[in-house]
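**Student:** The structure is given below, and queries will be raised subsequently.
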Amino acid sequence: MPNRLIVVKVGTNGITSPDGKLDQQEMQNLASQIAVATKQGDKVVLVSSGAVAAGIAELEIPPKPKDVAFQQAAAATGQSVLMAMYRELFKQFGLKVAQILLTAEDLSNRASYVHTCDVLGLLLKIGVIPIINENDAVSVDELMRTEGYKVNFSDNDILSVLVAGAVCADLVIILSDVEGLYTADPSQPGAQLIKTVNSITAELKSSLNGKSKLGRGGIQSKIKAAEIATSCGIPVVIANSRRENVIIDILACKDVGTYFKPQTRMPAVKRWIAYGAAAKGTIHVNEGAKKAILEGSSLLPVGVTKVIGIFNEGDVVSLEDENQVEFARGNPNFNSSQLNLIKGLQVTEVHKKLGSDKPKEVIEHRNIHLIEEIK
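Here the numbering used here = 1-based position in the sequence shown + 8.
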């Protein structure tokens, strides 16, 4: 099935040797497989970790994992080393590469998000391999491991599926240092590889543990990434990066790693609201408004009880009920100042305050994403 759009994510351990230096042979294998997929008619976006590790090796000084400035300096140094290696390896196969560094804010801003999609689309159209990484040199939140996937890409696991959602990918391949998802810690006797996951349950997530040594992403972040992708209608395979021809075999539908089945695909705007953007503020609503939203209605000013934060029209905001529990996210038609003026008012009163040209809905239902939990 050629002519697919594939996002391949490789972690730090997949492209570094035990001493922490870039593993040229493994990177060569990766480039070779992507070249084969490209020549077969598939388009590939590579999301690659490894900049911090490459920088530490290049600087030849002891790592300081708790020193954010050091980590950023290492990332800044390592990015050029990493990309130089990729450029030379892909050049052997007649392929050009382009580096794209992203932060959480790049995906939170709708205009920036759409522009990133446009750039990726053009690069793929002209046959260039986009190589994406978290911009560690300026992204303090990631290096400090701030809780929540909105600002923590977890060694690029989350970033890879957010990019996949943005470009409407057909498949995400997350390459790890294990064969896939196991019934228990794979180092334990009796642990068995789970070949297929039909849905990611709370029980499944609570049973996981483990974290890699060099990278920041453990199995939990990979499952969270798979949960995001599959809820957007994109299947995911987690597999061992060092397995021979792992990408080629996955694309040939061979029995490799753990396959996560996709759910119903979300519309593009709702994918961004749900997973691509950080909430810039919070709108509290009364019980009647919550019930109406859950039943498929828009949010009207009369249902708003409180506005928290400063946000603009079109930013993503969180919707919370009377118990301060988040149940939805959406794009408001008003900024926070305007909304503070009209909260609790009927539509006729809103028009008197702000003018008749203003929409009657605070957030239209098509721009609301219902959630059970976003953390």
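Where a beta carbon is used, it is the ideal one built from N, C-alpha and C, also for glycine.
As the structure is a computational prediction, the values presented were derived from the model and not from experiment.
Per DSSP, L183 is paired with what?
**Tutor:** Residue mapping note: residue 183 aligns to position 175 of the sequence shown, counting from 1. BP columns for L183 point to V18, A247.
**Student:** Taking only runs that begin and end inside the stretch 39–124, name each unbroken alpha helix (DSSP H) of 4 or more residues, in chain order.
**Tutor:** Counting only runs of 4 or more, we get 59–67, 76–99, 112–116.
**Student:** At the level of alpha carbons, what is the spacing between T204 and Y267?
**Tutor:** Position 196 of the sequence shown, counted from the start, is the residue given in the question as residue 204. Position 259 of the sequence shown, counted from the start, is the residue given in the question as residue 267. The straight-line gap from Cα to Cα measures roughly 5 Å.
**Student:** Report the rounded CA-to-CA distance for E303 versus N375, giving the unit in angstroms.
**Tutor:** Locating residue 303 in the sequence shown gives position 295, counting from the first residue. Locating residue 375 in the sequence shown gives position 367, counting from the first residue. Near 14 Å, if we compare the C-alpha coordinates of N375 and E303.
**Student:** Could you tell me the distance, in whole angstroms, from the CA atom of E211 to the CA atom of Q196?
**Tutor:** Here the question's residue 211 lines up with position 203 in the sequence shown. Here the question's residue 196 lines up with position 188 in the sequence shown. Whole-angstrom Cα-Cα distance: 20 Å.
**Student:** Can you tell which of S57, K29, S56, Q41 has its C-alpha closest to the C-alpha of D50?
**Tutor:** Counting from one through the sequence shown, the residue named residue 50 turns up at place 42. Per the Cα distances, Q41.
**Student:** According to DSSP, which residues form a beta bridge with R374?
**Tutor:** Locating residue 374 in the sequence shown gives position 366, where the first residue counts as 1. The partner list for R374 (beta bridge, DSSP) is empty, contrary to what the question assumes.
**Student:** Give me the DSSP bridge partner(s) of I139.
**Tutor:** Along the sequence shown, read from residue 1 onward, the residue named residue 139 stands at position 131. The partner list for I139 (beta bridge, DSSP) reads L54, Q107.
**Student:** Have a look at G363, P309, Q346, E330 and flag the residue whose alpha-carbon is nearest the alpha-carbon of E372.
**Tutor:** Looking up residue 372 in the sequence shown gives position 364. Taking only the C-alpha atoms, the option nearest E372 is P309.
**Student:** Tell me the rounded alpha-carbon separation between S220 and I318.
**Tutor:** Counting from 1 along the sequence shown, the entry for residue 220 is found at position 212. Counting from 1 along the sequence shown, the entry for residue 318 is found at position 310. Here S220 scores only 44 on pLDDT, less than 50, and its place in the model should not be relied on; the value that follows carries that caveat. Cα to Cα, the separation comes out at about 38 Å.
**Student:** Kindly examine the ligand FAD and report whether one of its heavy atoms sits closer than 7 Å to the Cβ of G135.
**Tutor:** As for the ligand FAD, it is missing from this structure, which has no ligand bound.
**Student:** So, under 8 Å CB-CB, V53 and V171 are touching, yes? Tell me the CB distance rounded to an integer number of Å.
**Tutor:** For the purposes of this step, residue 53 is taken as residue 45 along the sequence shown, with counting starting at 1. For the purposes of this step, residue 171 is taken as residue 163 along the sequence shown, with counting starting at 1. That pair is a contact at about 6 Å.
**Student:** Starting from the C-beta of G284, find all residues in its chain whose C-beta is less than 8 Å away, skip the five residues before and the five after it, and write them out in chain order.
**Tutor:** As a working mapping, residue 284 is identified with position 276 in the sequence shown. Result list for G284: L115, S116, Y121, L170, G173, A174, in chain order.
**Student:** Kindly indicate the opening and closing residues of the beta strand (DSSP E) around T266.
**Tutor:** Counted from its first residue, the sequence shown places residue 266 at position 258. Taken as a continuous stretch (DSSP letters only), the beta strand (DSSP E) holding T266 covers 266–268.
**Student:** Which residue's Cα is closest to the Cα of Q32: Q48, A62, D365, V333?
**Tutor:** What you label residue 32 is simply residue 24 of the sequence shown in a count that begins at 1. Looking at the Cα atoms, A62 is the closest of the given residues.
**Student:** Helix, strand or coil, according to DSSP, for L13 in the structure here?
**Tutor:** Along the sequence shown, read from residue 1 onward, the residue named residue 13 stands at position 5. Correct three-state label for L13: strand.
**Student:** Could you tell me if H292 is buried or exposed, where buried requires 16 or more neighbouring beta carbons within 10 angstroms of its beta carbon?
**Tutor:** Along the sequence shown, read from residue 1 onward, the residue named residue 292 stands at position 284. Classification of H292: buried, given that the 10 Å Cβ count is 16 or more.
**Student:** Contact defined as beta carbons within less than 8 Å: I believe L183 pairs with A45. What is the distance between those atoms, to the nearest angstrom?
**Tutor:** In the sequence shown, the residue the question calls residue 183 occupies position 175. In the sequence shown, the residue the question calls residue 45 occupies position 37. Contact doesn't hold; Cβ gap of about 13 Å is too wide.
**Student:** Put T388 into one of helix, strand or coil per three-state DSSP.
**Tutor:** Shown here, the chain extends from 9 to 383; a query on residue 388 therefore has no answer.
**Student:** Kindly identify the DSSP beta-bridge partner or partners of V293.
**Tutor:** Looking up residue 293 in the sequence shown gives position 285. DSSP, once it has assigned bridges, lists V312 as partnering V293.
**Student:** In angstroms, rounded to a whole number, what distance separates the CA positions of K213 and G296?
**Tutor:** Taking the sequence shown and counting its residues from 1, one reaches residue 213 at position 205. Taking the sequence shown and counting its residues from 1, one reaches residue 296 at position 288. Going by the C-alpha atoms only, they are around 33 Å apart.
**Student:** Answer with buried or exposed for K158, where buried requires no fewer than 16 other C-beta atoms within 10 angstroms of its C-beta.
**Tutor:** As a first step, residue 158 is located in the sequence shown; it is residue number 150 there, counting from the start. Note that K158 scores 41 on pLDDT, short of 50, meaning its location in the model is unreliable; the coordinates nonetheless yield the value given after this. It counts as buried.
**Student:** Take the Cβ of V333 as the centre, count every other Cβ of all protein chains shown within 10 Å, and call the residue buried at 16 or more, exposed below.
**Tutor:** Within the sequence shown, numbered from 1, the residue matching residue 333 stands at position 325. Answer is exposed; the Cβ neighbour count stays below 16.
**Student:** Following the continuous alpha helix (DSSP H) through R279, name the residue where it begins and the one where it ends.
**Tutor:** To locate residue 279, count along the sequence shown from 1; it is residue 271. Element bounds for R279: 276–279.
**Student:** Quick one: residues in its chain with C-beta nearer than 6 Å to the C-beta of A234, no 5 flanking neighbours on either side, listed in chain order?
**Tutor:** By 1-based counting over the sequence shown, the position of residue 234 is 226. Closer than 6 Å at the Cβ level, and outside the excluded window around A234, lie V244, F268.
**Student:** State the Cα-Cα distance for the pair D178 and E66, rounded to the nearest angstrom.
**Tutor:** In the sequence shown, the residue the question calls residue 178 occupies position 170. In the sequence shown, the residue the question calls residue 66 occupies position 58. So the two alpha carbons sit approximately 36 Å from each other.
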